[in-house]
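**Q** For what it's worth, the working numbering labels the leading residue of the sequence shown as 4, then goes sequentially.
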Amino acid sequence: MASGPGGYVHGYSGREARRLGDQADVLAALLHDGTAYPAGSRVLEAGCGVGAQTVHLVSRSPGMRLTAVDLSRASLDQARARVEASFPAARVRWRCGPAGPFPDGGRPEYAGKGSRTGVVAG
Numbered sequence: 004m005a006s007g008p009g010g011y012v013h014g015y016s017g018r019e020a021r022r023l024g025d026q027a028d029v030l031a032a033l034l035h036d037g038t039a040y041p042a043g044s045r046v047l048e049a050g051c052g053v054g055a056q057t058v059h060l061v062s063r064s065p066g067m068r069l070t071a072v073d074l075s076r077a078s079l080d081q082a083r084a085r086v087e088a089s090f091p092a093a094r095v096r097w098r099c100g101p102a103g104p105f106p107d108g109g110r111p112e113y114a115g116k117g118s119r120t121g122v123v124a125g
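1) Helix or strand or just coil, what does DSSP make of T70?
2) I believe A82 touches A93 by the beta-carbon criterion, under 8 Å. Please report the beta-carbon distance rounded to the nearest angstrom.
3) DSSP beta-bridge partners for A42?
4) What residue does the alpha helix (DSSP H) around R85 start on, and which one ends it?
5) Look up R94 in the DSSP assignment and say whether it is helix, strand or coil.
6) Leaving out five residues before and five after M67 in sequence, what residues of the same chain have Cβ atoms less than 6 Å from its Cβ?
7) How long is the line joining the alpha carbons of T57 and L74, rounded to whole angstroms?
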């Protein structure tokens, strides 16, 4: 498998995007049950990839303000399409590039890598 920008070991094929979606769906209860961020919370998902975990975060915390970041523009575009198809009113800011710093100088109340989102002292 060819690796793309940032050296993602599994590559960036459509098949890989589907695999990630299937994996996220299978693991959703294990990874996300009991996780709900308060409305208005600033949440960072660094390395959102194709949005496989992002849709599960958004479904459980519809009022959060999510910033989803990835180094791959193509993956980010897939993530946006995936989330907007199921949650068109989701408050997601899409950002291609490194996870920080935030343009407004702020920082998230919660942050994590992909599905491994956790609390960061605010």
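For every residue, glycine included, the Cβ atom is placed at its ideal position computed from N, Cα and C.
**A** Looking at the atomic coordinates:
1) strand
2) About 11 Å separates the two Cβ atoms, so there is no contact after all.
3) DSSP, once it has assigned bridges, lists no residue as partnering A42.
4) R76 to S89
5) coil
6) Y40, S44 and V46
7) 15 Å
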